[in-house]
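A.B. asks: Let me give you the structure first, and then I'll get to my questions.
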Amino acid sequence: MDRSKFIKTAGALLPLSLLNNKAVLAGRPSNMDQPDKWLSADSKIPPYLQKGDCIGIASPSGHIQYKELLPAINQIKSWGLTFKTGQTIGLKDGTFGGTDQQRAADFQQMLDDPSIKAILCARGGYGAVRIIDQIDFSSLNHHPKWIIGFSDATVFHIHIAHNYHLATLHSKMCNSFPDNWSSATPEQQATINSIRDALMNTKKMSYQSLKNPMNRTGRAEGELIGGNMRTIENLSGTRSALQAAGKILFLEETHEYLYNMDRMLWNLARTDQLRHLKGLIIGAMIRTPQRDPNDEMNKSIYELVMEKVKAYDYPVTFDFPVGHIVENYALKCGVPHRLEVTTVGTTLIES
Numbered sequence: 001m002d003r004s005k006f007i008k009t010a011g012a013l014l015p016l017s018l019l020n021n022k023a024v025l026a027g028r029p030s031n032m033d034q035p036d037k038w039l040s041a042d043s044k045i046p047p048y049l050q051k052g053d054c055i056g057i058a059s060p061s062g063h064i065q066y067k068e069l070l071p072a073i074n075q076i077k078s079w080g081l082t083f084k085t086g087q088t089i090g091l092k093d094g095t096f097g098g099t100d101q102q103r104a105a106d107f108q109q110m111l112d113d114p115s116i117k118a119i120l121c122a123r124g125g126y127g128a129v130r131i132i133d134q135i136d137f138s139s140l141n142h143h144p145k146w147i148i149g150f151s152d153a154t155v156f157h158i159h160i161a162h163n164y165h166l167a168t169l170h171s172k173m174c175n176s177f178p179d180n181w182s183s184a185t186p187e188q189q190a191t192i193n194s195i196r197d198a199l200m201n202t203k204k205m206s207y208q209s210l211k212n213p214m215n216r217t218g219r220a221e222g223e224l225i226g227g228n229m230r231t232i233e234n235l236s237g238t239r240s241a242l243q244a245a246g247k248i249l250f251l252e253e254t255h256e257y258l259y260n261m262d263r264m265l266w267n268l269a270r271t272d273q274l275r276h277l278k279g280l281i282i283g284a285m286i287r288t289p290q291r292d293p294n295d296e297m298n299k300s301i302y303e304l305v306m307e308k309v310k311a312y313d314y315p316v317t318f319d320f321p322v323g324h325i326v327e328n329y330a331l332k333c334g335v336p337h338r339l340e341v342t343t344v345g346t347t348l349i350e351s
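Under full-length UniProt numbering, think of the first position of the sequence shown as 1, with each following residue one higher.
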């Protein structure tokens, strides 16, 4: 994928008059009209944040210094919210933000602290899967709160969806906030503001992307679930495994060889995660070129995806603004959305 081209085009807005025009929808059977045989119990939604509420900032994966949090802290304060930083901020154990025990204890403390209404992962990297079984999430049953992040934080999104049926927020983390807000691009500001809008419920989430000739048109409605494809693959077969049946699945990946992405897609296909979807959203898929061009696959990521889902009739959209890109908008996992893929583009709207 040409990342620069994606960043320029993926988030372009489409006229709502076109998006709402039923005549432009293809005649393919709609999954919205099919029985909800595969729908799981509806997910619970944590309370939305109010001014004065507190966001906890922890580093359950890679290490980060306090000064790197300042752009995020400044925005959190501008929203009328307060913050607490965890003990892992500033710690370093190799690539991690402290030892496994320190990171697990820090995340646990924030889960159990009733004054903290949401937990924002400071950054991604690697490490969440090393501590997921050391954390007791049962307090979410009585005091639900938003868990926020993407990339390695996919571990939390999928684990919580599997075991607690609680909505979470897939979004940028502290290390992705622009250093200088006044000079940030409109795309940077819009993605950060989408976090505020999602957490404080200031408006329903609504995103559009331009058409892709490989898109499969149609309409679908269901809860969102998804995240980083490699991380989802690593959870396969565990008590944190993806359960995508009856849902709209979104996927993103970065800096992987194309054959590795193909292997991840086969894992999803062979574990039946692609069979009973309501819809499929493919975000940024940033590939690493092979050192030897002769080792490259002769198919695009679009073709690799479509060969896995050609037997199904749900809508599929490519180049959606989510992933390791500037236009990484906040998505509410576990919250119902309507997906419409037409011949002129794609829209995803919170129901």
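Virtual Cβ for every residue (Gly too), placed ideally from N, Cα, C.
Taking just the CA atoms, how far does Lys310 sit from Glu68?
C.D. replies: On the sequence shown, residue 68 is found 68 positions in, with the first residue counted as 1. On the sequence shown, residue 310 is found 310 positions in, with the first residue counted as 1. Looking at the two C-alpha atoms, the distance is approximately 44 Å.
A.B. asks: With H, G and I counted as helix, E and B as strand and the rest as coil, what does DSSP make of Tyr66?
C.D. replies: On the sequence shown, residue 66 is found 66 positions in, with the first residue counted as 1. Three-state result, Tyr66: helix.
A.B. asks: Does Pro71 pass the burial test, meaning 16 or more other C-beta atoms within 10 Å, or should it be called exposed?
C.D. replies: Mapped onto the sequence shown, residue 71 falls at position 71. The residue is buried, with at least 16 neighbouring Cβ atoms inside 10 Å.
A.B. asks: Is the segment 343 to 350 close to the segment 227 to 240, with three or more CB pairs under 8 Å?
C.D. replies: Touching, no, given that fewer than three Cβ pairs across the two stretches are closer than 8 Å.
A.B. asks: Below 8 Å, can you find three or more Cβ-Cβ pairs linking the segment 173 to 180 to the segment 251 to 270?
C.D. replies: The segment 173 to 180, when compared against the segment 251 to 270, does not touch it at the 8 Å Cβ threshold.
A.B. asks: Ignore the nearest five residues each way along the sequence and tell me which others in Lys308's own chain have a CB closer than 8 Å to its CB.
C.D. replies: Your numbering for residue 308 matches position 308 in the sequence shown. Same-chain partners within the cutoff: Leu265, Trp266, Leu268, Ala269 and Leu274.
A.B. asks: From Asp53 to Leu111, what does the alpha carbon distance come to, in whole angstroms?
C.D. replies: What you label residue 53 is simply residue 53 of the sequence shown in a count that begins at 1. What you label residue 111 is simply residue 111 of the sequence shown in a count that begins at 1. Near 15 Å, if we compare the C-alpha coordinates of Leu111 and Asp53.
A.B. asks: Just verifying my parser: in three-state terms, what is the DSSP assignment at Asp42?
C.D. replies: As a first step, residue 42 is located in the sequence shown; it is residue number 42 there, counting from the start. Coil at Asp42, not helix or strand.
A.B. asks: Using DSSP's beta-bridge definition, name the partner residues of Pro336.
C.D. replies: Here residue 336 is taken as the residue at index 336 of the sequence shown, counted from 1. Pro336 pairs with Glu223.
A.B. asks: Compute the Euclidean distance between the alpha carbons of Gln34 and Thr154, then round it to the nearest angstrom.
C.D. replies: Counted from its first residue, the sequence shown places residue 34 at position 34. Counted from its first residue, the sequence shown places residue 154 at position 154. Its pLDDT being 39, under 50, Gln34 is placed unreliably in this model, and the coordinates cannot settle the point.
A.B. asks: Using the three-state DSSP reduction, which class does Tyr207 fall into: helix, strand or coil?
C.D. replies: Within the sequence shown, the letter at position 207 stands for residue 207. Strand.
A.B. asks: Return the chain-ordered list of same chain residues with a C-beta closer than 6 Å to the C-beta of Tyr257, the five sequence neighbours on each side being excluded.
C.D. replies: For the purposes of this step, residue 257 is identified with residue 257 of the sequence shown, where counting begins at 1. For Tyr257, where only same-chain residues beyond five positions count, the Cβ hits under 6 Å are Thr288.
A.B. asks: Bridge partners for His170 per DSSP, in chain order?
C.D. replies: Counting from one through the sequence shown, the residue named residue 170 turns up at place 170. His170 is bridged to Gly149 and Leu331.
A.B. asks: For Asp272, does the count of other Cβ atoms within 10 angstroms reach 16, so buried, or fall short, so exposed?
C.D. replies: For this step, residue 272 is matched to residue 272 along the sequence shown. Burial call: exposed.
A.B. asks: Less than 7 Å separating the beta-carbons of Asn228 and Ser151?
C.D. replies: Translated into positions along the sequence shown, residue 228 becomes position 228. Translated into positions along the sequence shown, residue 151 becomes position 151. Taking 7 Å as the Cβ cut-off, Asn228 and Ser151 qualify as a contacting pair.
A.B. asks: Tell me whether Ala72 sits in a helix, a strand or coil according to DSSP, three-state version.
C.D. replies: Counted from its first residue, the sequence shown places residue 72 at position 72. DSSP places Ala72 in helix when its eight states are reduced to three.
A.B. asks: Are the segment 210 to 229 and the segment 97 to 113 touching, with three or more C-beta to C-beta distances below 8 Å?
C.D. replies: Judged by Cβ distances under 8 Å, the segment 210 to 229 makes no contact with the segment 97 to 113, as fewer than three pairs qualify.
A.B. asks: If you draw a straight line from the C-alpha of Ile45 to the C-alpha of Leu166, how long is it?
C.D. replies: Residue numbering aside, residue 45 sits at position 45 when the sequence shown is read from its first letter. Residue numbering aside, residue 166 sits at position 166 when the sequence shown is read from its first letter. Rounded to whole angstroms, Ile45 to Leu166 spans 6 Å at the Cα level.
A.B. asks: For Leu25, which of helix, strand or coil comes out of DSSP?
C.D. replies: Within the sequence shown, the letter at position 25 stands for residue 25. At Leu25, the pLDDT of 30 sits below 50, so the modelled position is not reliable and the matter cannot be decided from this model.
A.B. asks: Is Gly80 near Lys51, with beta carbons less than 7 Å apart?
C.D. replies: Sequence index remark: in the sequence shown, residue 80 carries index 80 (1-based). Sequence index remark: in the sequence shown, residue 51 carries index 51 (1-based). Yes, the pair counts as a contact, with Cβ atoms nearer than the cut-off.
A.B. asks: With a CB to CB cut of under 8 Å and the five nearest residues on each side skipped, what residues in its chain are close to Met59?
C.D. replies: In the sequence shown, the residue the question calls residue 59 occupies position 59. Note that residue 59 is Ser in the sequence shown, not Met. Contacts found: Gly86, Thr88, Ile89, Leu91, Gly97, Gly98, Arg103, Asp106, Cys121, Ala122 and Arg123.
A.B. asks: For Lys145, count neighbouring Cβ atoms within 10 angstroms of its own Cβ and tell me buried if that reaches 16, exposed if not.
C.D. replies: Looking up residue 145 in the sequence shown gives position 145. By the neighbour-count rule (16 or more Cβ atoms within 10 Å), Lys145 is buried.
A.B. asks: Please name the residue, chosen from Ala161, Met205 and Glu340, that lies closest to Pro315 on a Cα-to-Cα basis.
C.D. replies: On the sequence shown, residue 315 is found 315 positions in, with the first residue counted as 1. Of the candidates Ala161, Met205 and Glu340, the one whose C-alpha sits nearest the C-alpha of Pro315 is Glu340.
A.B. asks: Report the start-end ranges of each beta strand (DSSP E) in the segment 253 to 325 that is 3 residues or longer and not cut off at the edges.
C.D. replies: Correct list: 279 to 287.
A.B. asks: Return helix, strand or coil for Phe156, following the three-state DSSP convention.
C.D. replies: By one-based count along the sequence shown, residue 156 stands at place 156. Phe156 falls in the helix class under three-state DSSP.
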